[in-house]
Structures are given as C-alpha cells and as structure tokens.
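Residue numbers (my numbering): 99 to 197.
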C-alpha cells in the first residue's frame, strides 16, 4: 500500500506514518475498508469457483451415466445374440423330437 497524505499537518510534516490518534484511526478505517473489499472479492471468486465445480461434477456424472448405459446396452445386445445362437442351434433338434 502506498503512503497516503495524512489528515493533519503534524503527521504530514513528520517523517513517520502517523502520530496523532485521528490520523491513526483514519488509516485504520481505510485499511479496514480495503480488507473488506478484498474479502468480498475473495467470496465472489469462491462462489464462482464452487459454481464451476458443481457444473463440472454434474457433467462428469452425466458422462459416467452415459458410459454405464452404453456398457449395459452392449452387454444386453451380446446376451441377445447368444440367446439367438442357442435358439438356432436347439431349433432343429426340437423339430426332430416333435416329428
């Protein structure tokens, strides 16, 4: 933080930061407002970050769900194919038994 002008002539002419109580209080108030603005900025950035992380989590969940559904669909197709093969292989013997 840069050195700012003081509110009284005593502190302005001295080579120190602040001497009188009024100047010290003034500097403390300025510093306090500066810290509050930094805190508000930090909270804003945290909220933005949390929103981004929630959105990323939802996107990851959706992607994982899609992958899981594709795997389930592939296994069901494979099971259907095996059942068709078993039916085709067992069909001639079933016809012979009924004839």
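Glycine included, every Cβ here is placed at the ideal spot set by N, Cα and C.
Between the C-alpha atoms of residue i and residue j, what's the straight-line distance to the nearest angstrom?
i           : j           : result
residue 116 : residue 142 : 33 Å
residue 122 : residue 147 : 37 Å
residue 145 : residue 168 : 35 Å
residue 178 : residue 140 : 57 Å
residue 127 : residue 133 : 10 Å
residue 108 : residue 155 : 59 Å
residue 170 : residue 151 : 28 Å
residue 160 : residue 176 : 24 Å
residue 174 : residue 149 : 37 Å
residue 135 : residue 129 : 10 Å
residue 185 : residue 172 : 20 Å
Between which two residues does the alpha helix (DSSP H) containing residue i stretch?
i           : result
residue 108 : 107-111
For residue i, which residues in the same chain have their Cβ closer than 7 Å to its Cβ, ignoring the five residues on either side in sequence?
i           : result
residue 158 : none
residue 106 : 118, 120 and 121
Considering only residues of the same chain and omitting the five flanking positions on each side of residue i, which have a CB-CB separation below 6 Å?
i           : result
residue 138 : none
residue 125 : 116
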